[in-house]
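First the structure, in the form of structure tokens, and then the observations on it.
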Amino acid sequence: MYKNILVPIDPSHGTKHDDALKMALHLAEDANASITALTVIEPAPSYIGLTDTAADYEKMAADKAMAALRRFVGPGSEVKTVILHGSPGTQIVEYARDHGNDVIVIASHKPGLSDYFLGSTAARVVRHAACCVHVMR
Ligand code: ADP
Numbered sequence: 001m002y003k004n005i006l007v008p009i010d011p012s013h014g015t016k017h018d019d020a021l022k023m024a025l026h027l028a029e030d031a032n033a034s035i036t037a038l039t040v041i042e043p044a045p046s047y048i049g050l051t052d053t054a055a056d057y058e059k060m061a062a063d064k065a066m067a068a069l070r071r072f073v074g075p076g077s078e079v080k081t082v083i084l085h086g087s088p089g090t091q092i093v094e095y096a097r098d099h100g101n102d103v104i105v106i107a108s109h110k111p112g113l114s115d116y117f118l119g120s121t122a123a124r125v126v127r128h129a130a131c132c133v134h135v136m137r
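Note that full-length UniProt numbering has the sequence shown beginning at 1, numbered continuously upward.
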């Protein structure tokens with residue numbers, strides 16, 4: 001079964017990710033697989049330059065996202081946590097390719113949207129990933 005599982009997490013999506021992480025833990029149990037939780041910080045919005053530098057903003061966003069990710073996976077968890085910068089869909093696909101992930105477990109869309117909908121990041125990952133993609137509905 002899968003050995004190297006990637007779970008992309010948008011911290012603003014809340015409970016959708018509980019399901020994705022639970023599924024990853026379940027898949028990992030059978031094969032003693034490793035799990036990586038990944039959050040991608042999108043580039044600073046243009047108005048940021050008025051108050052702060054884009055680099056300051058991105059550093060602050062990364063620190064906040066890492067704290068949220070660690071809280072989310074739980075204290076002492078063996079789930080590896082990674083923060084990247086860029087476009088989420090592209091970064092998720094490239095990270096999985098470069099790190100030999102054999103499955104990506106991803107929520108279909110943000111909470112509250114109807115279930116036939118596939119969000120833009122999820123759609124990009126499904127189309128472009130070189131490995132299996134497990135979409136949580
Ligand atoms: P929507 O377009 O409805 O917001 P998305 O396709 O962006 O839906 O989100 C679906 C899933 O994609 C999220 O639950 C998460 O797993 C992943 N995702 C989206 N944005 C990010 C991000 N910035 N970092 C990591 N994963 C993300």
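Glycine included, each C-beta is placed from N, C-alpha and C at the ideal position.
All values derive from a computational prediction rather than experimental measurement.
Distance between residue j and residue i (C-alpha atoms, nearest Å)
i           : j           : result
residue 99  : residue 53  : 31 angstroms
residue 3   : residue 24  : 11 angstroms
residue 136 : residue 19  : 7 angstroms
residue 62  : residue 7   : 17 angstroms
residue 66  : residue 11  : 10 angstroms
residue 89  : residue 60  : 22 angstroms
residue 95  : residue 107 : 17 angstroms
residue 58  : residue 85  : 8 angstroms
Reference residue i; option with closest CA among the options
i           : options         : result
residue 41  : 64, 30, 20      : 64
residue 105 : 21, 11, 1, 14   : 21
residue 68  : 132, 17, 1, 131 : 17
residue 97  : 46, 9, 131, 56  : 131
Supposed close pair residue i, residue j - CB separation, criterion 8 angstroms
i          : j           : result
residue 5  : residue 103 : 5 angstroms
residue 70 : residue 81  : 6 angstroms
residue 37 : residue 79  : 5 angstroms
Contact the stretch 111–118 vs the stretch 70–82: 3+ CB pairs below 8 angstroms: Output reads no: the stretch 70–82 does not touch the stretch 111–118.
Contact between the stretch 122–133 and the stretch 25–32 (3+ Cβ pairs under 8 angstroms): Verdict: no, contact absent.
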